[in-house]
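Protein chains in written order, with the working numbering: chain H, 13 to 128; chain E, 8 to 127.
So the structure is just underneath, and the comments pick up after that.
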C-alpha cells in the first residue's frame, strides 16, 4: 500500500518570503501522480499543483512550484512571494496511474501560517 | 459552473442517532467519492462510485455506514447509529473518469465544502 508522509505539522513564513513544504511517499509503482491540495478554514480542498511521475520536469503554477525527486520519493512544494491568502492546511497526495485505482492517498497535512 | 454541493455544512447529534449527508457532484461527473477526514488528518476514502455502481467500498464500515447513488447523480451517506468516534468532516468529491475506469490527471477530483459532524 502507498503511504504519504508530511513531517512538518506547522510552518510559518513572512509575507513576500519563500517557504518549502516537505512530502515523502512510499510506493512500488512506477507510474503515478502526485498532488498538493490546499484546505482553507472553509474546508474545501483546492488543487494547487500536480505532477506526473513520468515527467522529469518539475511542475510550476505561478508562485507555486515543486521539487520532484523520484528516486528519493520526495515531492516538496515551494511557495514564492507568500501572501496572507496562502495561509491554510496543505496536503500532499498520491494517486496510482494504473488500472482503476483513482483513490487519493493523503498525508497528514502541514498548517502554513503567513505573518506580516 | 457550480461546484460540488454538500449539505448540511454542520450537524450535531447525540450518539446512537441516525444521520445523513447529501452530495450533488459537478454536472457531468460520473465518479463520486466520499472521504472521511478526522481532526488533524488527511482525508481517507470511504467509498467511490462510478455512475450508480460502488466500485470501491472496502473502507466503508458496513455495520453502521451505508451509501447510495441512485440514478448516478447525487449521493447520500448515512450513519446509523452514530458513535462518538464518528465525529469528523465528511467530504464529497467528483471527477470525470474515462471509459475503462482510468482517471487522467487533468480530470482532477473536485471537492465540496464538507459536512462537519459532531456526535455528543
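Positions of the beta carbon are idealized from the N, C-alpha and C atoms, including for glycine.
- For residue 99 of chain E, the enclosing beta strand (DSSP E) begins and ends at 95 to 102.
- Beta-bridge annotation (DSSP): residue 56 of chain E is paired with E/39, E/61.
- The three-state secondary structure of residue 22 of chain E, taken from DSSP, is coil.
- One finds 103, 118, 119, 120, 121 in chain H with Cβ atoms closer than 7 Å to the Cβ of residue 49 of chain E, taken in chain order.
- Uninterrupted beta strand (DSSP E) stretches at least 3 residues long and entirely within the region 54 to 121 of chain H occur at 58 to 64, 76 to 81, 86 to 91, 100 to 108, given in chain order.
- In the structure shown, the three-state DSSP call for residue 78 of chain E is helix.
- The count of Cβ pairs closer than 8 Å, one atom from the region 29 to 40 of chain H and one from the region 75 to 90 of chain H, reaches three, so the stretches are in contact.
- Nearest CB-CB separation between residue 55 of chain E and chain H: below the 8 Å threshold.
- Excluding its 5 nearest sequence neighbours in each direction, residue 116 of chain H has C-beta neighbours in its own chain below 6 Å: 105, 107, listed in chain order.
- Only residues of its own chain outside the window of five on either side were considered, and among them 42, 43, 66 have a CB closer than 7 Å to the CB of residue 51 of chain E, listed in chain order.
- Listed as beta-bridge partners of residue 32 of chain H by DSSP are H/90.
- Contact between the region 82 to 98 of chain E and the region 24 to 34 of chain E is present, with at least three C-beta pairs closer than 8 Å.
- If you ignore the 5 residues before and after residue 64 of chain H, its C-beta comes within less than 7 Å of the C-beta of 45, all in its own chain and listed in chain order.
- At the C-beta level, residue 71 of chain E and residue 96 of chain E stay beyond 8 Å of one another.
- DSSP places residue 91 of chain E in the helix class (H, G or I) of the three-state scheme.
- In terms of Cα proximity to residue 30 of chain E, the closest of E/68, E/64, E/56, E/19 is E/56.
- When secondary structure is reduced to three states using DSSP, residue 20 of chain H falls in the coil class, being assigned neither helix nor strand.
- Here DSSP, grouped into helix, strand and coil, assigns residue 69 of chain E to coil.
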